[in-house]
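Per this note's numbering, the sequence shown starts with residue 964, numbered consecutively.
In this text, a Cβ means the ideal position worked out from N, Cα and C, and glycines have one as well.
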Amino acid sequence: MTIKKKPKVFSGIQPSHALHLGNYLGALKPWVESQNETDNVFCVVDLHSPTLLGDIDPKILAENSRSVAALYFAAGIDPEENIVFIQSHVPEHTEATWILSCATPLGWLNRMTQFKSKSQLVESVGTGLLTYPVLMAADILLYDTNRVPVGDDQRQHVELTRDIAMRFNNLFGDVFTIPEAVIPKLGARVMSFDEPETKMSKSIARSKAGHAVNLLDSEKQMKKTIMSAVTDSERETRFEHASKGVYNLLSLYQTLSGESKESIEAKFDGQGYGFLKKELLGIVIESLAPVQKRYAEIMDDRAELERILANGAQKAKERASVTLQRMKNATGVG
Ligand code: TYM
């Protein structure tokens, strides 16, 4: 009997600011739900955080990295069965990035929509903001990844990773596995509560109350944000006809409750938006309360958290160094 190998998964979250409902529904929750079917590496991608200079306070970045790792475990990632580590603890990522960047045409990076929008936010654009998708490609390719579970906003970066891997393989031989993005059917693009045409974002939430529900918000903060979410002056709670703000609330309710669209429409029909918001608040609190409780317990045992992360970094390094050596052999470096 042949034992079928599990597909390899890699994904990560930047520890720039507090994680929000979008990060939870677009990434963390799907990771937890499929963790038993795959062979997983989950990374806290701290080297990505300084790409927007001034966006993150260097004094808190290292602590944020631990906090995000703790949230992975609090959300349900099993520390025994998965590799979890902090990106900067495995220097193979930066070395691989250099080799990959030499094989990445500049025009490909200039086309990235996230680069175009983020470069508007800062006065001086660092080179790292442009080459950031190459670091992301290195993250993914170092682990012979088959699947990359991400929210919709990362789709273009995973496509680029595929293009880089194929180009590298054409130039230097069969070095990389070609990965594919796995985007959840629900929750892949959570919009903000205050501007429902804008995606919920960590950097915006940092300076704008009412934008996002953060995973570690108090019930009072969650209530304030959800009850003041932008809606409209109608009473339209059918998905197809709803305004952007109401659609976002209905979709969040659908993703968190697992109920069908029909039963949700029947439940909220003719009820007014106050009721929809109250019910959504209830289900958000119910979903996040156990995560917050486990988070507090994990952060309380810092020695254990550090032990798990050191162990994760060691295992990650073992895998990453094999691929990096293949890259070096193929390119003649070393
Ligand atoms: P980041 O840190 O911005 O986001 C982490 C994950 O959350 C998803 N996400 C969302 N999903 C739904 N609705 C939203 N409003 C929302 N906002 C964010 C993102 O799609 C992502 O899955 N470059 C990546 C991090 C990264 C990475 C990697 C991911 C670095 N290397 C390798 C996968 C594989 C980023 O900045 O994600």
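| query | result |
| --- | --- |
| What does the alpha-carbon distance come out to for the pair Leu1093 and Gly1233? | 49 Å |
| Below 7 Å, is the gap between the Cβ of Ile1271 and the nearest heavy atom of the ligand TYM? | no |
| So, for Gln1050: in the same chain, excluding its five sequence neighbours on each side, which residues have a beta-carbon less than 8 Å away from its beta-carbon? | Gly975, Cys1006, Val1007, Val1008, Asp1009, Leu1010, His1011, His1056 and Asp1102 |
| Please check the pair Ala1066 and Ile1127, which I expect to be a contact at CB under 8 Å, by giving their CB distance rounded to whole angstroms. | 7 Å |
| On a CA-only basis, which of Gly1150, Leu1063 and Gln998 is nearest Phe1139? Give me that one, please. | Leu1063 |
| Give the DSSP-derived three-state secondary structure of Lys967 in the structure shown. | coil |
| With a floor of 4 residues, list each alpha helix (DSSP H) that falls wholly inside the stretch 1224-1285, ordered by position along the chain. | 1224-1231 and 1236-1263 |
| Can you give the Cα-Cα distance for Met1099 and Gln977, rounded to whole angstroms? | 11 Å |
| Got a sec: does the ligand TYM put a non-hydrogen atom nearer than 7 Å to the Cβ of Ile976? | yes |
| Would you say the beta carbon of Asp1102 comes nearer than 7 Å to a heavy atom of the ligand TYM? | yes |
| Given a cut-off of 8 Å, decide if Leu1251 and Leu1212 are closer than it, judged by their beta-carbon atoms. | no |
| For Ile1189 versus Phe1156, is the C-beta spacing smaller than 8 Å? | yes |
| Quick one: grab the DSSP three-state call for Val1031. | helix |
| Where does Gly1091 fall in DSSP's three states? | helix |
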